[in-house]
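J.: Using the numbering used here, the first residue of the sequence shown is number 701, and each one after it goes up by one. Glycine included, every Cβ here is placed at the ideal spot set by N, Cα and C. Got a structure for you, written out below as structure tokens; questions coming shortly.
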Amino acid sequence: MDYRYVAYNQQKELVKGKVNAPTEAVALDLLGYSGLKILSLKEAKPLINREKMKAAFSSIKAREIVMFSKQLALLIESGFDIAASLDLLESQIPNRALKRAVSEVAKDIRNGVKPSQAMASHPMAFSPLYCRTVAVAEETGNLEKALRQMADHLEKGENAAKKVRSALMYPVIVFVLAILVIAVMVTFVVPAFEDLYASLDTELPLVTRILLGTTGFLTDWGLYMILALVGLVVAVFLATRSEEGKYKRDQVMLRLPLFGRVIILSELSRCAATISTLFRAGVPLPEVITLCASSSQNKVIGRALIEVRQEMLQGQGLARPMSKNPVFLPLIVQMASVGENTGNLDNTMDTVAQSYDMDATERTDMLTSLVAPVTTLVMGGMVAFIAIALVSTMYGIMEGLG
């Protein structure tokens, strides 16, 4: 959910902006972590206006932030100060929204604003997690390392999402192509054979009767079915624009066979890596969990993390609240318990992150290799059914004539 805010920054300047958070309380926390003193916070109305249209056509992709972070780290390592590095990168960035954000961040830094606070004024480019990681690096003096960590974090998430999308898109493309082939056969080929069969005084095979019956049904009701499908797609699109609709959509995604497990593993891997990095740097654990929730790409997991945070604030620790929600797999719960008991939470979460990342990669590769042949087999079977239904009847007729 998006919230619009008006606040004073640490230089006593009035700033306005927008932050994405699951609840108003979390939005206040995220803005507070950025060093802002909030004057007003209101839910952003989901209206289609000029600002939204402009943002839609100038959105900033994760891969652009990945490239920006890597290049910024390289320039800082080469001896450039951060403002000069940003100026150099700003001249090379093609995305207008990111270009404007980087330019304003560089300007603010020259005016004495800390990099993390300057970035926090541009939430469309720099997430709360990104800004907090930079803030930690400001204290430790290792900004280039933090930038590389964020680039790696974002890149892993983008690659995992891309693999899942690719695995899902392949069967969709094959299905559409198969439907087009079947539509051509049903529209042009089958009717020609149907006229021929009608002129013959012979009993048709069962498979042919099924095909002709299906063809007749599609001819009579096909248009209505297409309209119903379009209506369903539009209804789903409109329903998933609300926060509750997005939550329901993500619930369905997590319940998908095979794919749901990959999504959970990818999300928990990034969450564990965030806990390891920020907790090791001294960031309070409730704040780390808040940042994990705000950066989660799945609303179900994000809401689950918020519930964990609320119980942590009541003194419950990390492992116990996690154990109450099945979305947190056994390994992360057990390792959280071990980490809390041994005082080694950062290392145990790092182990979880590596384990889940490896598991997610292996499962994604397996899905990618399985989806193609299975989809091809199913769609090929549909086309083969039509061909057999037509050819078997013709073969029977020719045999009878012989």
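Would you mind working out which of Lys737, Ala993, Met1035, Leu958 sits nearest Met1066, comparing C-alpha positions?
T.: Translated into the one-based positions of the sequence shown, residue 1066 becomes position 366. Per the Cα distances, Leu958.
J.: Just verifying my parser: in three-state terms, what is the DSSP assignment at Glu903?
T.: Indexing the sequence shown from 1 puts residue 903 at position 203. It is coil, neither helix nor strand.
J.: From what residue to what residue does the beta strand (DSSP E) around Lys716 run?
T.: Position 16 of the sequence shown, counting from 1, holds the residue named residue 716. Segment 714-720, the beta strand (DSSP E) holding Lys716.
J.: In three-state DSSP terms, what is Ile782?
T.: For the purposes of this step, residue 782 is identified with residue 82 of the sequence shown, where counting begins at 1. Ile782 falls in the helix class under three-state DSSP.
J.: Could you pull the start and end residues of the beta strand (DSSP E) that Ala861 belongs to?
T.: As a position in the sequence shown, residue 861 is number 161, starting the count at 1. Looking at the DSSP string, Ala861 is not in any beta strand (DSSP E); the run it does join, the alpha helix (DSSP H), is 843-884.
J.: Just to confirm, is the Cβ distance from Ala972 to Met850 under 8 Å?
T.: Here residue 972 corresponds to residue number 272 of the sequence shown, with the count starting at 1. Here residue 850 corresponds to residue number 150 of the sequence shown, with the count starting at 1. Going by C-beta atoms, Ala972 is not nearer than 8 Å to Met850.
J.: Go ahead and pull the three-state DSSP assignment for Lys742.
T.: As a working mapping, residue 742 is identified with position 42 in the sequence shown. Correct three-state label for Lys742: strand.
J.: With distances taken Cα to Cα, identify the nearest neighbour of Lys845 among Arg1063, Ala878, Pro986, Ala981.
T.: Residue mapping note: residue 845 aligns to position 145 of the sequence shown, counting from 1. Out of Arg1063, Ala878, Pro986, Ala981, Ala981 has the C-alpha closest to the C-alpha of Lys845.
J.: Spatial neighbours of Glu894 within its chain, please: CB distance less than 8 Å, with the 5 preceding and 5 following residues excluded, ordered by chain position.
T.: Within the sequence shown, the letter at position 194 stands for residue 894. If we look at Glu894 and ignore the five residues flanking it on each side, its Cβ neighbours are Leu912, Thr915.
J.: How long is the line joining the alpha carbons of Asp729 and Lys814, rounded to whole angstroms?
T.: Counting from 1 along the sequence shown, the entry for residue 729 is found at position 29. Counting from 1 along the sequence shown, the entry for residue 814 is found at position 114. Their Cα atoms are separated by approximately 19 Å.
J.: Could you say if the stretch 916-929 and the stretch 948-962 meet the contact criterion of at least three C-beta pairs nearer than 8 Å?
T.: No: the two stretches stay apart, fewer than three of their Cβ pairs being nearer than 8 Å.
J.: Considering only the beta carbon of each residue, do Ala1053 and Ser1037 sit closer than 8 Å?
T.: Within the sequence shown, the letter at position 353 stands for residue 1053. Within the sequence shown, the letter at position 337 stands for residue 1037. No; because the gap between Cβ atoms is not below 8 Å, this pair is not in contact.
J.: For the beta strand (DSSP E) holding Arg704, just list the boundary residues, first then last.
T.: Walking along the sequence shown from the start, residue 704 turns up at place 4. Taken as a continuous stretch (DSSP letters only), the beta strand (DSSP E) holding Arg704 covers 702-708.
J.: Got a sec? Which residues, its chain only, sit under 6 Å from Asp702 by beta carbon, not counting five neighbours each side?
T.: For this step, residue 702 is matched to residue 2 along the sequence shown. These residues qualify, in order along the chain: Lys718, Asn720, Ala744.
J.: Please go through the same chain and pick out, in chain order, the residues whose beta-carbon is closer than 6 Å to the beta-carbon of Gln1034, but skip the five residues on each side of it.
T.: Position 334 of the sequence shown, counted from the first residue, corresponds to residue 1034. None.
J.: Mind reading off the beta-carbon distance from Ser966 to Ala860? Whole number of angstroms is fine, and I expect it under 8 Å.
T.: Walking along the sequence shown from the start, residue 966 turns up at place 266. Walking along the sequence shown from the start, residue 860 turns up at place 160. With a Cβ gap of about 4 Å, Ser966 and Ala860 count as contacting.
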